[in-house]
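Structure first, then comments.
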Amino acid sequence: MTTTQLALQISLFGLALWLGLYLIARDVGSLRLWLAGLGLVTYAIGLALDILSLYARSGERSLTLLIWQRLFVFFPAAFWISLLAYLIPGEQALHERLQQHPRPTAVLLIATLFFMLGITFLLFPFSWLPRTLVLLGIGCDLLLLGVVIAVMDAFDQGEALLPHFLRSLDYAFFTTLLFGGQVVLVMAYGIGVTYSLLLLLLTTIAAAVLLQTFADPFHAFFDRVAFFNTPRLRQERSHLRAQSDALTRADDTLQLDKLDSDTFTRYTRQALSQMGNLPHLARSPLTRLPLVVHRLQQNGQPTDTLTRAGELRLVLTESIERLKPPGEVAFGTTDEWRHYNALHFPYVRGLKPYSRRLVPGEEETAVLPILDWFRTQVPQRTLYNWQNAAAALVARDLRERSRRVGVNGR
């Protein structure tokens, strides 16, 4: 292998690993990001094994690495097929995707075709097509697919992708350059390219990328150790990290008053599901609702990211309370209660009716009949449908209240 080919493969290893971990870290609760991210991560591992197999000290070790490499090269195909099945389960879903994301979906399908073509060339190689070139081509397809998934996710969440994406990329690049560059210098001016130094270089790149992409969880862990006796300081530092993350995701070009009903309802549904997690709620585009900003200004409060998220949570709670049927009764099981019950107890009260583990507050005697009703009378799919219908009502209420604020504010 030439020096140029080795440099290209190592660079592609770092890029694929970074993008895969970046996608997972964007939202650890998103299945599509996990599938896309794991596809890239397993490809990066397979590429690293391929590089190491060429410099192994013995034929036996080289053969072992090649066997594992073949497994890790084909894992991405399994993850991406699963991802396509998840994103586009049928013809109707494909039509909807093409309407929502026409260009990204077209690129996704075309890149998938080239990716599967590359896998075919690995299974049935041609003498005129170098295997290294095929691996690099597959990597480029995967990188393109990963970027498309990131674009789709940012669009669906109402977020800006580029600032968050570039910040993660340049942090990872310079961290890798700082530590991995030292190993490269030893190779260039020392003992040359060896199996041990390549292994050290690849693990250094992996560690640098991992520390950058999951910097917030690592910082939270270190804070728990360093500030174990000052919880207020830990909380304030956590809020600062959440605010910094939300700022890089904020899409200032998004005009909430010009969104169609379906998109606004989708953002409302997402915000409702994040009411129990203030840092995640801070990413919602609804934090810039005129109603939220007006209330903060009226009360003389700052309009920073986390304060707006807290006010949005209050606004959502008020809209949910408007769904409650009139009367003094706190809980009912008739049809007129279904929208209120579907949002109030899971999102405002924080109950998890289908979880086997009790969360704080669920051991209260007054809550047990409510949990029992959910578990015995309301299937999970039914609750999901009720929540979607209720979210549409909340979205309509938010728009009406925001319009009134806009009219009165003129």
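Take the sequence shown: its position 248, counting from 1, is numbered 262 in my numbering, and each next residue is one higher.
Built from N, CA and C at the ideal position, the CB exists for glycine as well.
{"Query": "L127 classed as buried or exposed, judged by whether at least 16 other C-beta atoms fall within 10 angstroms", "Result": "exposed"}
{"Query": "Beta-bridge pairing of E173 - partner residues as DSSP gives them", "Result": "A264"}
{"Query": "Continuous alpha helix (DSSP H) stretch holding Q284: start and end", "Result": "275 to 287"}
{"Query": "At least 3 beta-carbon pairs within less than 8 Å: the region 80 to 87 vs the region 172 to 185", "Result": "no"}
{"Query": "Assigned secondary structure, I334 (DSSP; H/G/I helix, E/B strand, else coil)", "Result": "helix"}
{"Query": "Proximity winner among L31, L157, F359, relative to R389 (alpha-carbon distances)", "Result": "F359"}
{"Query": "Nearest-angstrom Cα separation, counted from T244 out to G151", "Result": "51 Å"}
{"Query": "6 Å Cβ shell around T282 - same chain, five flanking residues per side excluded", "Result": "A405, V408, A409"}
{"Query": "Boundaries of the alpha helix (DSSP H) in which A229 is found, first to last residue", "Result": "229 to 240"}
{"Query": "Proximity below 8 Å, CB of F129 to CB of D155", "Result": "yes"}
{"Query": "Boundaries of the alpha helix (DSSP H) in which I65 is found, first to last residue", "Result": "45 to 68"}
{"Query": "Selection from S275, Q19, H178, P90 that minimises the alpha carbon distance to I65", "Result": "Q19"}
{"Query": "Alpha helix (DSSP H) segment containing T18, residue limits", "Result": "17 to 40"}
{"Query": "F135 versus V148: straight-line alpha-carbon distance, rounded", "Result": "7 Å"}
{"Query": "Euclidean distance between Cα positions of Q171 and H294", "Result": "11 Å"}
{"Query": "Residues near L214 by beta carbon distance below 7 Å, same chain, minus five either side", "Result": "V197"}
{"Query": "Buried versus exposed, by CB contacts within 10 Å (16 or more), G53", "Result": "buried"}
{"Query": "Contact under 8 Å by Cβ, L357 with L286", "Result": "yes"}
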